[in-house]
Each structure stands twice: as structure tokens, then as C-alpha cells.
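These notes are about the structure you will find just below.
2 protein chains.
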Amino acid sequence: MTEADFLKAYDPAAFPRPSVTVDLVLMTVRGGALCSLLQQRQDHPHKGSWALPGGFVGPDEGLDAAARRVLAQKAGLPEEEAPGGWLEQLYTFGAPDRDPRMRIITVAYFALLPEDVLARAVKTGSGLQLAPLRLAEGEAIDAHLAALGPDGTPLPLAFDHEIILKTAVLRLRGKLDHSPAPFALLPKRFTLRALQDVHEAILGTPLNKPAFRRRLLDKNWLEPTGERESGTSYRPAELYRVRQQEKRSVAVQGGMTL
Amino acid sequence: MTEADFLKAYDPAAFPRPSVTVDLVLMTVRGGALCSLLQQRQDHPHKGSWALPGGFVGPDEGLDAAARRVLAQKAGLPEEEAPGGWLEQLYTFGAPDRDPRMRIITVAYFALLPEDVLARAVKTGSGLQLAPLRLAEGEAIDAHLAALGPDGTPLPLAFDHEIILKTAVLRLRGKLDHSPAPFALLPKRFTLRALQDVHEAILGTPLNKPAFRRRLLDKNWLEPTGERESGTSYRPAELYRVRQQEKRSVAVQGGMTL
DNA sequence: CTAATAGTGTCTGTAAGACAATATAAC
DNA sequence: GTTATATTGTCTTACAGACACTATTAG
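Line by line, the protein sequences are chains A and B.
Residues in the first sequence are numbered from 1 upward in steps of one, following full-length UniProt numbering.
Residues in the second sequence are numbered from 1 upward in steps of one, following full-length UniProt numbering.
This is the structure:
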């Protein structure tokens, strides 16, 4: 056994290497619901089921770079531009049988994008869909998550992508209060009410307005622009923007702004 | 470009696959300090520097299984036994140049083990060391982390292992209050004082005793055993144990008990 | 003016920090 | 008893939830 371990450790080419991919959970909030971009599989295995967009990691490509590349390809985001999104490594899934064709280890990322960006991606690509995610009550990791189709019925999910989606939703919930990530779901200038709507959609529960406002403003992450929203038939709300410094300040391995 | 992408996605064998390893941050608290097991490299590259124990992921081996195997090999833990530790996937590091020999993507795990288990591992193996970790003040990810040798000077760390260690420490700090993981650093029965010492070592700051006690007991994770510690020259403290149910209850992708 | 929402003030309950008082075991 | 620490009680402060009140804009 020690001999075998020795060989294993010092002659890695002696046994087959796994393929490594990145899979992306591209999320946004639309119509008060947290949604994820899914792509219908055209081939076996899991033909017809819905999968996360992904791609193989190139031989000289970093993991973040691969995630950005897939994001650009699938979501139609030019890599050089700054659409104001968020990208963060989520978790790595590597069960030996997660793909029936061969051994594939996937590094899952999640991205947050403004609604219009993802809506445009859906229209551009084919077999794409922005599916509302419905997570059963309770924060347990073994709770069931459904991605709903246009008719409100759950879509069949390919591979282990339900677990990946569930992990993403729970991670996002956990980070809501401690990370500037959720701002990536809104345009550059937004009202506090819109931000609260985003939080409520992600948590799936209503929040107290004065408390929410206090909490957010006390963090000092936002600054008022002096401008107001327009087009309302009632009192327009102040537009806020994220302080420049907060776009850099990041928690533990906290992801990156796009 | 679309053609190239197509080939990339559908003919993964057409380009070389990366090697995939697991690296383990094996931590414990000793002498009031958070320590990690490090192994001195016997070969180039980084010969003489100190590295995290790790190993290649086998062709039919899951990531968690690989981490457990390396844990058993390096820390001398029999895989079947239940020493009361904690194992959790940390983050995946895959910069193309992180290893000069070849492309290696590593899935980092961190483990928490009682002090005596790791101390035994250090004595058994060779070139092993349990190094106190000192993190510069401030939670910033770009702060410097040093692993101290026996003479108190920082050890040179191999590859990107400083970043991995830093990530582990920050992750552990963040989970302290929300996860039953820290209990893995103590024996099965322990006093609240010992638990507070562990928390203080990890956070690097003293805590308020009554508040700590209230917080922990209010979580209802612990139950008194009715027994007292022995061998003290003063009033012995009550011994607590973790409720059985809490060993299962786990937060978001929260790791596993050993 | 009315309608509708923005934004604020205030009360209350919960939980943490600080500090002190009491309890208990070894000697 | 003394000593050292466990364990509990209490005061104060900070903050979140609840609710109501005031402000502002369109029409």
C-alpha cells in the first residue's frame, strides 16, 4: 500500500486524469423570484433535461478565467466590458459517477447579473431558459429544489445540477448580509426599495422596511446620488449607488465584480 | 471561435487534461494557538519549503474520499474509526502556474482534529511539524499569514499554500458561531472553558465569559453529562458533550464529522 | 385635494458586554 | 478556613422587529 501510494504520488501520469470543467449558475431576480439560466441538452446523456451552462477548463487557463469565458460565451457578455455582475467560486463536485460518459470533476461558479443582461442572453441563444428557483422551506441541504418551467411545472435537471443549484441558492442566502454581491443584481443606480425586493426574493420572506433601510445604510456601503427615480405616479425614491471602495472590499474568498 | 468552442466542448480528449489533487489543511489548537500540520518537501520544486499534505485524486475516487484517504495516510487516522474530527471542502485552486512541473488543480480541504491526534501524527511521520498560524490583524484576504517554526520564525511555504492556509483560517473564523465544526477540536467530553479557549485561539481575541456561555447554551447544541472534570486544584467544571443530532445537522455544504 | 409610496420616529423585546455576586471543590 | 475557578444574576447598551407617523410627488 505504501508502495502503491508512492507511485500514485510521484507518477501521476501512470493513471488516467480526470477532465475538469466549470459549471455556472447564472442567477438574477425577475418578477420577484430568484431565477437561474438553464440550457436544454441536445444530446445524450440526459437529452432533453436542463443543465447549467459549462465548459472544459483549458490546459493553460485558470479556473476563474474559464468561468469568465463560459460566462461570455453562454451569456453573451463581452469579456472586456463591465456589466456590473458578480462571479464567485461555489464548490467543486467530483463524484466518480456524476457523468456517465467519463470522469469529470466540475468546479461550480455562481454569477449574479442584472435581469436585462440575462434576459438578452435567453433571447440570443437557443434552448435557454430563465427558470425561477423554488426551494422547499427550511435551510437543510437535503431539501428539494425545483427549477420551474414556463408552465410552472418543475424542469428535469441533468446530472447533479440540482445539488449545484441548491448549493448556490443557500450560499447566496448566507452571503446576503455580509457581501456586496447582491448589488450585482441591480443596475448601477437603484432605490432602496428595489434592493429590498431583491433580498426578499432571495430569502423568500418579506422584510421589515425600516429595519432593512437602517441595516443597509449603517453598513455605509451605499451613497445617495442626489437623483430620484422617474416615471412613478407617486413620490419618487432616492437613487443610491455602491461606494467605489466597496466594489473592492471582499469577504473570505469572496468572488469578484465583473 | 464557435468551431473551436464546439470541439473544445465535445472532444475533451483532444487536449491534455490537468492532474487533480487534494491538499489538506489539518488544524488543531495547541497551547492557545491555531496550528496546522505542515510537511517539509524532500524534492524539488520548493525543496526544503513546507507544504500541506496532499495527494492525487484516484480515477474512481470521489473528492471527499480522496481527502479522507490522504487524511488517513498523513495523519495516521484509520479510515474506519471515528476520532471525532471535522472535514470540509474549502476551495479549489487552479492557477495554471501554481505548480512549475505541470498543470495541477487542487481541491483544498480543511480538517479539524483534537490536539492529541495531530501530535501523534507528527511523532509518527517524518518531516512533519505542527506550526502555529499567525494572521496579521484585519480580515482582509490580502493580509499576510505566517506559519511559525519551533524557533518562532516563519517557515517558508511551498507553492500557493500560504493562500490556502489563509483561506482556511478565515473560513474557520467565519464558521465559528454557525457550525458545530469547532467541537471537533476537543475530546468527546469537554468543559465550556475549554471550548471558549478554542474559540479565543481561533479568533485571536479574548471573549466575554458569561456571554459566551449564554450564546453556546442557547444554541442547545450541547448537553451536560453530569460528570465533572478531575485533577483540578479548584472547583471542577461540568463536562458537556455535543448532542447527537447536532453531529448531523450541518450548514450549507458544511462538511462532515469523522 | 387624493392616492400611493418614500422616508422617519418611537416603542419594545432580545441579546451581548461588563461587572459583580455566589457556589463549590481541593487543600 | 483559603484559594481558585465555576456558575449565575443584574445592569446597561446596541440593535432588530413592529407599527405608526410624516413627507413628497403625480395627477
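Each residue gets a CB set at the ideal place from its N, CA and C atoms; glycine is no exception.
Endpoints, the beta strand (DSSP E) within which residue i is located
i                       : result
glutamate 88 of chain A : 86-93
leucine 239 of chain B  : 238-242
Per-residue DSSP class, three states only, for residue i
i                        : result
aspartate 218 of chain B : helix
glutamate 229 of chain A : coil
aspartate 177 of chain A : coil
glutamate 3 of chain B   : Residue placement at glutamate 3 of chain B is poorly supported in this model, since its pLDDT is 47, which falls under 50; the coordinates still yield a value, given next. In this structure, glutamate 3 of chain B counts as helix in the three-state DSSP scheme.
proline 224 of chain A   : strand
arginine 30 of chain A   : strand
proline 18 of chain A    : coil
aspartate 97 of chain B  : coil
leucine 258 of chain A   : coil
leucine 192 of chain A   : helix
leucine 186 of chain B   : coil
leucine 24 of chain B    : strand
leucine 203 of chain B   : helix
Length of the line joining the Cα atoms of residue i and residue j
i                            : j                         : result
leucine 148 of chain B       : tyrosine 91 of chain A    : 30 angstroms
glycine 174 of chain B       : glutamate 61 of chain A   : 30 angstroms
proline 180 of chain B       : lysine 166 of chain B     : 21 angstroms
glutamate 223 of chain A     : glutamine 245 of chain A  : 11 angstroms
aspartate 43 of chain B      : isoleucine 105 of chain B : 20 angstroms
leucine 34 of chain B        : leucine 24 of chain A     : 35 angstroms
residue 308 of chain A       : tyrosine 240 of chain B   : In the structure displayed, chain A extends from 1 to 258; residue 308 of chain A sits before or after that span and is not available.
tyrosine 234 of chain A      : tryptophan 86 of chain A  : 32 angstroms
phenylalanine 183 of chain B : leucine 170 of chain B    : 17 angstroms
methionine 1 of chain A      : arginine 101 of chain A   : Unreliable placement is indicated for methionine 1 of chain A, whose pLDDT of 44 sits below 50; no coordinate value is reported for it.
leucine 157 of chain A       : arginine 17 of chain B    : 27 angstroms
leucine 155 of chain B       : alanine 146 of chain B    : 7 angstroms
tryptophan 50 of chain A     : glutamine 129 of chain A  : 9 angstroms
isoleucine 163 of chain B    : arginine 215 of chain B   : 32 angstroms
histidine 144 of chain A     : arginine 213 of chain A   : 32 angstroms
valine 22 of chain B         : alanine 65 of chain B     : 10 angstroms
glycine 254 of chain A       : glutamate 88 of chain A   : 7 angstroms
threonine 205 of chain A     : glutamate 229 of chain B  : 45 angstroms
leucine 186 of chain A       : leucine 135 of chain B    : 35 angstroms
alanine 111 of chain B       : leucine 258 of chain B    : 9 angstroms
leucine 203 of chain A       : valine 29 of chain A      : 11 angstroms
glutamine 40 of chain A      : histidine 178 of chain B  : 37 angstroms
lysine 209 of chain B        : alanine 67 of chain B     : 36 angstroms
leucine 63 of chain A        : arginine 98 of chain B    : 12 angstroms
glutamate 3 of chain B       : aspartate 116 of chain A  : Because the pLDDT of glutamate 3 of chain B is 47, which lies under 50, any placement of that residue in the model is unreliable, and the question is left without a value.
valine 70 of chain A         : lysine 219 of chain B     : 42 angstroms
aspartate 160 of chain A     : leucine 77 of chain A     : 26 angstroms
phenylalanine 6 of chain B   : glutamine 73 of chain A   : Because the pLDDT at phenylalanine 6 of chain B is just 49, under 50, the model does not fix this residue reliably, and the value given afterwards should be weighed accordingly. C-alpha separation (whole angstroms): 11 angstroms.
methionine 27 of chain B     : proline 150 of chain B    : 17 angstroms
glutamate 238 of chain B     : lysine 188 of chain B     : 13 angstroms
glycine 32 of chain A        : threonine 225 of chain B  : 48 angstroms
Complete runs of the alpha helix (DSSP H) confined to the region 100-173 of chain B [at least 4 residues]: 115-124
Whole runs of the alpha helix (DSSP H) within the region 42-78 of chain B, excluding any shorter than 4 residues: 63-75
At least 3 beta-carbon pairs within less than 8 angstroms: the region 40-59 of chain B vs the region 184-194 of chain B: no
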